[in-house]
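Numbering-wise (my numbering), the sequence shown opens with residue -19 and increments by one.
Here a beta-carbon is modelled for each residue, glycine too, at the ideal position from N, C-alpha and C.
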Amino acid sequence: MEYMDILTKLATLNATELLIMVEQAAKRPVVADHESRIINLEIYRRESLKLPPITRSWITENLYISAPKAGSLLAHLYKQGFIEKNISSIDRRNVEITHTVLGRVRIESYLATLILGMEKIGMLILSKKDKKLVQSAINDNPATPLLQSLSENKKKLLTDLWDPNKD
-19 MEYMDILTKL
-9 ATLNATELLI
1 MVEQAAKRPV
11 VADHESRIIN
21 LEIYRRESLK
31 LPPITRSWIT
41 ENLYISAPKA
51 GSLLAHLYKQ
61 GFIEKNISSI
71 DRRNVEITHT
81 VLGRVRIESY
91 LATLILGMEK
101 IGMLILSKKD
111 KKLVQSAIND
121 NPATPLLQSL
131 SENKKKLLTD
141 LWDPNKD
(Lines of atoms letter the chains of each structure in order from A and count residues from 1; the text may use other names and numbers.)
(Lines give C-alpha, C1' and ligand atoms only; values in the text may rest on other atoms or scores of the structure.)
Protein backbone atom coordinates (compact mmCIF):
# COMPACT_ATOMS: atom_id res chain seq x y z
CA MET A 1 0.00 0.00 0.00
CA GLU A 2 2.88 2.39 0.80
CA TYR A 3 4.18 1.85 -2.75
CA MET A 4 0.88 3.02 -4.26
CA ASP A 5 0.82 6.07 -2.00
CA ILE A 6 4.20 7.18 -3.34
CA LEU A 7 3.04 6.69 -6.94
CA THR A 8 -0.15 8.63 -6.26
CA LYS A 9 1.87 11.43 -4.69
CA LEU A 10 4.19 11.56 -7.69
CA ALA A 11 1.21 11.57 -10.08
CA THR A 12 -0.32 14.43 -8.09
CA LEU A 13 2.91 16.42 -8.20
CA ASN A 14 3.31 15.84 -11.95
CA ALA A 15 -0.33 16.64 -12.69
CA THR A 16 -0.14 19.89 -10.71
CA GLU A 17 3.11 20.85 -12.43
CA LEU A 18 1.66 20.18 -15.88
CA LEU A 19 -1.61 22.00 -15.14
CA ILE A 20 0.37 25.07 -14.07
CA MET A 21 2.52 24.86 -17.21
CA VAL A 22 -0.54 24.51 -19.46
CA GLU A 23 -2.13 27.56 -17.85
CA GLN A 24 1.07 29.58 -18.22
CA ALA A 25 1.67 28.43 -21.80
CA ALA A 26 -1.85 29.47 -22.78
CA LYS A 27 -0.97 33.00 -21.68
CA ARG A 28 2.51 32.90 -23.27
CA PRO A 29 4.99 33.86 -20.51
CA VAL A 30 6.75 30.49 -20.55
CA VAL A 31 7.82 27.72 -22.87
CA ALA A 32 6.04 24.55 -21.82
CA ASP A 33 6.57 22.02 -24.62
CA HIS A 34 8.52 18.96 -23.54
CA GLU A 35 11.37 19.44 -26.03
CA SER A 36 12.09 22.96 -24.75
CA ARG A 37 11.93 21.74 -21.16
CA ILE A 38 14.45 18.98 -21.93
CA ILE A 39 16.72 21.48 -23.69
CA ASN A 40 16.57 23.84 -20.68
CA LEU A 41 17.22 21.04 -18.19
CA GLU A 42 20.15 19.69 -20.21
CA ILE A 43 21.69 23.16 -20.55
CA TYR A 44 21.36 23.63 -16.78
CA ARG A 45 22.78 20.18 -16.02
CA ARG A 46 25.78 20.70 -18.30
CA GLU A 47 26.53 24.19 -17.00
CA SER A 48 26.29 22.98 -13.38
CA LEU A 49 28.59 20.01 -14.05
CA LYS A 50 30.95 22.11 -16.21
CA LEU A 51 30.36 19.86 -19.24
CA PRO A 52 30.52 21.07 -22.85
CA PRO A 53 27.41 23.02 -23.93
CA ILE A 54 24.76 21.47 -26.16
CA THR A 55 24.58 22.26 -29.86
CA ARG A 56 21.81 22.12 -32.43
CA SER A 57 23.17 18.77 -33.65
CA TRP A 58 22.94 17.41 -30.08
CA ILE A 59 19.27 18.36 -30.06
CA THR A 60 18.54 16.61 -33.37
CA GLU A 61 20.51 13.49 -32.44
CA ASN A 62 19.26 13.09 -28.86
CA LEU A 63 15.70 14.37 -29.05
CA TYR A 64 15.06 12.79 -32.47
CA ILE A 65 13.63 15.94 -33.97
CA SER A 66 14.30 17.50 -37.33
CA ALA A 67 16.88 20.25 -37.79
CA PRO A 68 14.18 22.78 -38.77
CA LYS A 69 12.20 22.05 -35.60
CA ALA A 70 15.39 22.30 -33.50
CA GLY A 71 16.04 25.68 -35.08
CA SER A 72 12.49 26.77 -34.32
CA LEU A 73 12.72 25.65 -30.67
CA LEU A 74 16.03 27.46 -30.21
CA ALA A 75 14.73 30.60 -31.91
CA HIS A 76 11.75 30.65 -29.55
CA LEU A 77 13.92 30.14 -26.44
CA TYR A 78 16.30 32.85 -27.72
CA LYS A 79 13.41 35.25 -28.37
CA GLN A 80 12.09 34.65 -24.82
CA GLY A 81 15.56 35.57 -23.50
CA PHE A 82 16.27 32.15 -21.95
CA ILE A 83 19.31 31.10 -24.01
CA GLU A 84 22.37 32.53 -25.76
CA LYS A 85 24.03 31.21 -28.88
CA ASN A 86 27.83 31.36 -28.94
CA ILE A 87 30.26 30.31 -31.66
CA SER A 88 32.34 27.35 -30.44
CA SER A 89 35.96 28.21 -29.73
CA ILE A 90 36.93 24.66 -30.77
CA ASP A 91 34.98 24.38 -34.03
CA ARG A 92 33.70 27.66 -35.45
CA ARG A 93 31.05 25.74 -37.43
CA ASN A 94 29.24 24.84 -34.19
CA VAL A 95 27.03 27.10 -32.13
CA GLU A 96 26.98 26.33 -28.41
CA ILE A 97 23.76 26.92 -26.50
CA THR A 98 23.95 28.33 -22.95
CA HIS A 99 21.51 29.96 -20.52
CA THR A 100 21.13 33.65 -20.01
CA VAL A 101 20.84 34.84 -16.41
CA LEU A 102 17.05 34.90 -16.88
CA GLY A 103 17.05 31.33 -18.20
CA ARG A 104 19.14 30.08 -15.30
CA VAL A 105 17.01 31.84 -12.67
CA ARG A 106 13.81 30.48 -14.25
CA ILE A 107 15.05 26.87 -14.34
CA GLU A 108 16.33 27.12 -10.75
CA SER A 109 12.95 28.47 -9.61
CA TYR A 110 11.21 25.63 -11.44
CA LEU A 111 13.51 22.97 -9.92
CA ALA A 112 13.24 24.48 -6.44
CA THR A 113 9.45 24.42 -6.71
CA LEU A 114 9.54 20.73 -7.64
CA ILE A 115 11.87 19.93 -4.74
CA LEU A 116 9.62 21.77 -2.28
CA GLY A 117 6.57 20.03 -3.74
CA MET A 118 8.23 16.64 -3.28
CA GLU A 119 9.12 17.57 0.30
CA LYS A 120 5.58 18.81 0.98
CA ILE A 121 3.97 15.53 -0.09
CA GLY A 122 6.53 13.44 1.79
CA MET A 123 8.53 12.07 -1.16
CA LEU A 124 11.67 13.87 -0.06
CA ILE A 125 12.93 14.92 3.35
CA LEU A 126 14.80 18.21 3.54
CA SER A 127 16.73 19.50 6.51
CA LYS A 128 15.83 23.05 7.61
CA LYS A 129 19.11 24.23 6.09
CA ASP A 130 18.37 22.52 2.75
CA LYS A 131 14.81 23.86 2.73
CA LYS A 132 16.03 27.43 3.29
CA LEU A 133 18.62 26.96 0.54
CA VAL A 134 15.98 25.70 -1.89
CA GLN A 135 13.58 28.48 -0.92
CA SER A 136 16.30 31.05 -1.54
CA ALA A 137 16.33 29.95 -5.20
CA ILE A 138 12.73 31.09 -5.51
CA ASN A 139 11.60 34.67 -5.63
CA ASP A 140 8.17 34.35 -4.01
CA ASN A 141 7.04 37.77 -5.11
CA PRO A 142 3.71 37.22 -6.94
CA ALA A 143 4.77 39.83 -9.52
CA THR A 144 7.56 37.63 -10.89
CA PRO A 145 7.19 36.47 -14.53
CA LEU A 146 6.86 32.87 -13.35
CA LEU A 147 3.63 33.76 -11.54
CA GLN A 148 2.13 36.59 -13.59
CA SER A 149 -0.23 34.50 -15.69
CA LEU A 150 -1.42 32.05 -13.03
CA SER A 151 -4.95 32.03 -11.65
CA GLU A 152 -5.24 33.07 -8.01
CA ASN A 153 -5.78 29.50 -6.74
CA LYS A 154 -2.64 28.17 -8.48
CA LYS A 155 -0.65 31.22 -7.36
CA LYS A 156 -1.76 30.57 -3.76
CA LEU A 157 -0.80 26.89 -4.09
CA LEU A 158 2.76 27.85 -5.09
CA THR A 159 3.26 30.74 -2.68
CA ASP A 160 1.97 28.59 0.21
CA LEU A 161 4.46 25.91 -0.83
CA TRP A 162 7.30 28.45 -0.74
CA ASP A 163 6.29 29.96 2.62
CA PRO A 164 9.28 29.50 4.96
CA ASN A 165 6.99 29.81 8.02
CA LYS A 166 5.01 26.68 7.13
CA ASP A 167 6.13 23.28 8.47
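Straight-line spacing of the CA atoms in Pro32 and Val75 works out to 12 Å. With respect to the 7 Å criterion, Gly102 and Leu82 are not classified as neighbours on the basis of their beta carbons. In this structure, Ile(-14) keeps its C-beta atom at 7 Å or more from the C-beta atom of Ile34. In this model, Arg86 and Thr(-12) are separated by some 27 Å (Cα to Cα). Of Ser131, Arg26, Glu88, the smallest CA-CA separation from Ser116 is found for Glu88. DSSP places Lys100 inside the alpha helix (DSSP H), whose first and last residues are 81 to 100. Between the alpha carbons of Asn(-6) and Thr93 lies a distance of about 12 Å. In the structure shown, Lys30 adopts coil according to DSSP, grouped into three states. With a cutoff of 7 Å on beta-carbon distance, Leu53 and Glu15 are scored as near each other. Residue state for Ile18 is assigned as helix, using DSSP reduced to three classes.
One thing to note: Leu96 has its Cβ within 7 Å of the Cβ of Val114. Asn66 carries a strand assignment under DSSP once its states are collapsed to helix, strand and coil.
When beta bridges are read from the DSSP output, Thr(-4) appears opposite no residue. Bridge partners of Val75 according to DSSP: Ile67. Within the DSSP bridge table, the entry for Thr35 names Glu76 as partners. In this chain, Gln60 is not harboured by any alpha helix (DSSP H), its DSSP state being neither H nor E. Under the three-state reduction of DSSP, Ser116 is assigned to helix.
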